[in-house]
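Here's the structure, in structure tokens; my notes come after.
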Amino acid sequence: MRMTTLWRRKAPVHPAMPAATPRERRGFALPMAILIIAFLTVTIAAAYTATSSELTTNMAQRGESKAYMVAQAGLENFMARRNENGFCANCNFPTDPPTATYESTTVVMPGGFAQVSATQIRTATNTRPAIYLLRSRGVDTSSIALTGSSIGSRGERTVAQIVYWNVNQVNVLSGWTSTSGLDKVGSSGTISGVDACGKKPAVAGIAVPDGDYGVNGNFTPAGNPPVQYLGTQQAANDAVKIDWDGVINGNRIQADYTFSSASAATSGWSSINWSTSGTLNYPVIRVNDNFTLPSQGGQGTLIVMGNLTMSGNNLWKGILLVGGQMTSNGNGTVTGATMSGLNTMFNATQLAKAQTISAATLTSTPANATANGTKTFQYDSCEVAKAAGGLATYSVYPNAWMDNFVTY
């Protein structure tokens, strides 16, 4: 038997290949850092731009809001102070409303200024007032100017208001209205509510509270009616329609000349500018005292806080507003409108406040006005209108205010 030996051939042994040297890997930290830095730079730049834009927008909005307040304040200042001496740079030249077709001024205030102008859009007639467009361009100077392109600009806003020139500032009830009552002594003289100018309907000759008219002699005023009784003291005060507290304590009527005492008024009377180039001026004169009208008289609106005395042959043309008792002696003449005893309108607080600026002792119950001798108190609407020229103001039409008014 033959035996066979089984064996496996050895696997061929190949010579071992030398191990390959690992390739060197390039670093990634620096590119990654550069990438992150670039990303952060872009992010920061975008955030800065967004923040800067937001700040600029907020500054613009704040500047516009401030400019709006400046514009509105300038508009209201112009309406309230237009007649104040030295306030309006381009008013009274060459004429006043309603003749003037344009006037303007710049109102300077904390935080900015307003350029205010009045442009006539309808002329006046005997039956309708002149209408004007008031525009106020407010500029905010309290904020930093915003820079765009190569120019710097500040917040601006323009508001406008339709107004009319209101000359009906005095409510004339009679030739002589006395809220403290009136006594006429003697039969001579004239107190008339018939318009000497002939342009207005006749008013009462005398207007007083109920039962406060006394006459010694055979005298009858002229007017429609000759004597008008206004009711109770409060009703009489209300009928006059004068804000006497506002006039005295609030300076609502801006005086051209203010005298703190009677002596100052008497000595300064000759210095008042009564005429310019032959044309009569009708100034507003205020005396914070009792006063005796000088013999040369005058014209305009005379406001006397205390008592007023007229003696001799002096003449006054225009409006008399007397807080205390008015006494007329001699042959004096007033053509226009007279109102006396107006301190009856004061309450205790208002009277105490008025007393602090008056050289005379004031009372809310002044004595009756007294008309002695031969005098003339004649209602004259033309003289009232001339005197009221210094009292006339711009008055607003309701629902005629505009914001962001277009300007060119």
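Convert by adding 45 to the 1-based position in the sequence shown; the result is the number in our numbering. We put the beta carbon where it would ideally sit given N, CA and C, even for glycine. Source: prediction; values computed, not measured.
Nearest-angstrom Cα separation, counted from residue j out to residue i
| i | j | result |
| --- | --- | --- |
| residue 207 | residue 116 | 15 Å |
| residue 450 | residue 375 | 59 Å |
| residue 305 | residue 424 | 29 Å |
| residue 126 | residue 236 | 35 Å |
| residue 143 | residue 182 | 23 Å |
| residue 429 | residue 272 | 20 Å |
| residue 226 | residue 218 | 14 Å |
| residue 389 | residue 284 | 13 Å |
| residue 337 | residue 314 | 11 Å |
| residue 419 | residue 165 | 46 Å |
| residue 266 | residue 331 | 29 Å |
| residue 108 | residue 349 | 46 Å |
| residue 186 | residue 224 | 50 Å |
| residue 335 | residue 303 | 13 Å |
| residue 103 | residue 75 | 41 Å |
| residue 113 | residue 281 | 43 Å |
| residue 364 | residue 199 | 47 Å |
| residue 169 | residue 259 | 42 Å |
Per DSSP, cross-strand counterpart(s) of residue i
| i | result |
| --- | --- |
| residue 185 | 157 |
| residue 273 | 252 |
| residue 346 | 329 and 364 |
| residue 260 | 229 |
| residue 236 | 422 |
| residue 447 | 205 |
| residue 219 | 249 |
| residue 304 | 332 |
| residue 371 | 353 |
| residue 440 | 209 |
| residue 379 | 361 and 422 |
Residue from the options with nearest C-alpha to residue i
| i | options | result |
| --- | --- | --- |
| residue 222 | 205, 275, 184 and 361 | 275 |
| residue 360 | 350, 342 and 369 | 342 |
| residue 245 | 269, 228 and 258 | 269 |
| residue 167 | 140, 209 and 186 | 209 |
| residue 262 | 417, 73, 349 and 334 | 417 |
| residue 385 | 377, 368, 256 and 379 | 368 |
| residue 401 | 333, 187 and 155 | 333 |
| residue 216 | 173, 310, 411 and 248 | 248 |
| residue 278 | 448, 413 and 303 | 413 |
| residue 300 | 399, 150 and 129 | 129 |
| residue 422 | 200, 250, 280 and 440 | 250 |
| residue 358 | 321, 252, 373 and 350 | 373 |
| residue 345 | 335, 355 and 329 | 329 |
| residue 171 | 156, 185 and 212 | 212 |
| residue 307 | 288, 188, 352 and 186 | 352 |
| residue 309 | 404, 199, 177 and 201 | 404 |
| residue 432 | 153, 441, 371 and 366 | 366 |
| residue 377 | 321, 355, 427 and 135 | 355 |
| residue 317 | 339, 133, 296 and 228 | 339 |
| residue 177 | 153, 157, 408 and 141 | 141 |
Assigned secondary structure, residue i (DSSP; H/G/I helix, E/B strand, else coil)
| i | result |
| --- | --- |
| residue 355 | strand |
| residue 165 | strand |
| residue 80 | helix |
| residue 148 | strand |
| residue 199 | coil |
| residue 228 | strand |
| residue 178 | strand |
| residue 194 | Any reading at residue 194 is ruled out, since the residue's pLDDT is 44, under 50, leaving its predicted position unreliable. |
| residue 336 | strand |
| residue 323 | coil |
| residue 123 | helix |
| residue 295 | coil |
| residue 282 | helix |
| residue 312 | helix |
| residue 416 | strand |
| residue 98 | helix |
| residue 171 | coil |
| residue 386 | coil |
| residue 135 | strand |
| residue 408 | coil |
| residue 267 | strand |
| residue 341 | coil |
| residue 244 | coil |
| residue 129 | coil |
Residue-chain proximity (residue i, chain D), Cβ-Cβ < 8 Å
| i | result |
| --- | --- |
| residue 132 | This model lacks chain D altogether, as it is built from one protein chain only. |
Pairs of beta-carbons, one from the stretch 74–94 and one from the stretch 148–167, closer than 8 Å: are there three or more? no
I'd like to know if the stretch 388–404 and the stretch 419–439 are in contact, where contact means that at least 3 CB-CB pairs between them fall below 8 Å. no
Closer than 8 Å is the cut-off here; do at least three beta carbon pairs connect the stretch 78–87 with the stretch 145–157? no
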